[in-house]
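Residue numbers (the UniProt record's numbering): 1 to 412.
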């Protein structure tokens with residue numbers, strides 16, 4: 001069974017790698033086409049139906065690109081679709097959500113001091129909230145408010161702020177940020193799956209049938225693509241935030257998340273304006289820096305806890321505390337790990353515990369038994385560069401403690 005923990009960790013790594021690869025492909029193609037679309041130049045000698053063109057140089061060659069606002073007169077022989085990058089990014093991201101936050105719900109998803117619910121209930125809330133995001137967004141887009149892009153983006157922003165606050169009332173801070181990212185990324189991928197690609201298929205079908213495609217399908221797809229463009233950078237921030245507890249583990253974490261969406265708008269506005277040759281809005285960089293400074297300041301405000309109540313030990317982790325070897329394990333962890341993994345780290349240069357993980361109590365050590373086993377027992381990842389001098393014997397103790405508890409044996 002303890003080998004399962006190692007295999008599971010590698011599978012999680014593989015899924016994360018796939019997610020990053022496909023995410024790069026999706027974001028790269030998305031940013032490229034938005035920049036291309038904004039930079040198109042109109043020429044008097046363009047083919048009938050062509051909206052604009054652009055010349056580009058890359059990799060030692062020149063590219064001549066033309067865009068048809070609705071469609072060309074005839075169906076091209078070779079047509080490349082950009083959709084699988086989005087689909088696989090979402091699927092691999094959902095796989096990560098299942099493997100890390102659902103399988104490890106007791107540790108990563110549920111905070112009994114925030115909302116004490118069962119794993120099944122927490123997962124149900126998670127799934128329902130993500131589905132709600134797409135339904136609410138799509139309904140607003142198709143309503144009269146959807147005809148006004150500014151009004152639509154303001155409504156969407158208020159929904160995101162509300163969800164940022166709501167998630168922090170349901171899950172751990174780390175899970176709250178991850179879910180807000182998943183909530184937003186689901187909207188983006190669903191835009192591709194339910195709107196952009198189906199609309200393009202309608203246009204293609206019209207061309208094959210010899211009909212003149214309706215321009216409205218391109219307009220709708222363009223609107224959704226623009227929304228995705230402005231939401232991309234905040235999603236990246238939220239997905240990376242689980243490595244930075246100053247973002248997710250502070251009192252005003254939901255305000256921090258809300259401000260991140262504004263930074264995404266200012267950054268993309270700068271690049272989109274530049275690509276469209278409509279000026280050089282350098283004010284957006286000042287606005288972005290000021291927003292980031294506010295975020296940094298918010299992260300320094302002391303978190304007001306509901307009390308000094310210690311987190312509960314789950315039933316699955318209880319055997320790690322009652323194991324005969326636990327007193328020796330506790331001494332090892334406190335002596336080799338807790339100078340960093342403490343509410344007030346004693347290691348110079350570390351102001352918050354890495355990834356928000358504290359290892360100061362029996363409960364905290366038991367709840368992170370698997371991570372201790374993998375990172376300080378089976379591997380030498382922790383402590384970094386072995387700065388605290390953990391010995392081979394101590395590593396063997398951590399390995400024996402975890403493996404014997406999993407096997408139901410005793411270790412002295």
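Note that beta-carbon positions come from the ideal geometry of N, C-alpha and C, so glycine has one too.
Using a Cβ-Cβ distance cut-off of 8 Å, the region 168 to 183 and the region 101 to 110 are in contact, since at least three pairs of beta carbons, one from each stretch, lie closer than that value. With fewer than 16 neighbouring CB atoms inside 10 Å of its own CB, residue 147 falls in the exposed class. One Cα belongs to residue 339, the other to residue 5, and the distance between them is close to 26 Å.
Here DSSP, grouped into helix, strand and coil, assigns residue 50 to strand.
Bounds of any alpha helix (DSSP H) do not take in residue 317, whose DSSP letter is neither H nor E. In this structure the region 260 to 272 does not touch the region 191 to 199; the number of beta carbon pairs closer than 8 Å is below three.
In the same chain as residue 35, and ignoring 5 residues on each side of it, the C-beta atoms closer than 6 Å to its own belong to 275, in chain order. Residue pairing by DSSP places residue 58 opposite 61 in a beta bridge. Spatial neighbours of residue 63 in its own chain (CB-CB distance under 8 Å, excluding positions within 5 residues in sequence) are listed in chain order as 55, 56 and 57. Taking 9 Å as the cut-off, the Cβ atoms of residue 363 and residue 342 do not count as close.
In the three-state reduction of the DSSP assignment, residue 230 falls in the helix class. Taking 8 Å as the upper bound for CB-CB distance, residue 259 and residue 294 are in contact here, some 6 Å apart.
Taking the C-beta atoms as reference points, residue 87 is found nearer than 9 Å to residue 192.
Shown here for residue 122: same chain residues with a beta carbon closer than 6 Å to its own, the five before and five after excluded, namely 105, 109 and 110 in chain order.
Taking a contact to require three or more Cβ pairs closer than 8 Å, the region 157 to 171 and the region 249 to 256 qualify as touching. Straight across, the Cα-Cα distance linking residue 376 with residue 280 is about 51 Å. In the structure shown, residue 251 adopts coil according to DSSP, grouped into three states. Contact check for residue 49 against residue 79 fails: the beta carbons are separated by 9 Å or more. In the DSSP secondary-structure assignment, residue 41 is bridged to 53.
Assigned with DSSP and collapsed to three states, residue 83 falls in coil, not helix or strand. DSSP, read as helix, strand or coil, puts residue 66 in strand. Fully enclosed alpha helix (DSSP H) runs of no fewer than 4 residues occupy 369 to 372 of the region 366 to 400, in order along the chain. The same chain holds no residue with a CB closer than 8 Å to that of residue 28 once the five nearest residues on each side in sequence are set aside. The alpha-carbon of residue 381 is positioned some 10 Å away from that of residue 372.
Proximity to residue 325 across 246, 402 and 348 peaks at 402, based on C-alpha coordinates. With fewer than 16 neighbouring CB atoms inside 10 Å of its own CB, residue 211 falls in the exposed class. Within the same chain, 170 come within 6 Å of residue 115 by CB-CB distance, once the 5 residues on both sides are set aside.
DSSP places residue 324 outside both helix and strand once states are collapsed to three, so it counts as coil. Check the Cα spacing between residue 387 and each of 101, 51, 360 and 336: the tightest is with 336.
Separation of residue 72 and residue 218 (C-alpha to C-alpha, rounded to the nearest whole angstrom) is 13 Å. If you draw a straight line from the Cα of residue 205 to the Cα of residue 81, it is about 14 Å long.
Residue state for residue 165 is assigned as helix, using DSSP reduced to three classes. Residue 201 and residue 232 have their alpha carbons spaced roughly 25 Å apart. With a 10 Å radius around the Cβ and a threshold of 16 neighbouring Cβ atoms, residue 368 comes out buried. About 27 Å separates the beta carbon of residue 320 from that of residue 385, a gap too long to meet the 8 Å contact definition.
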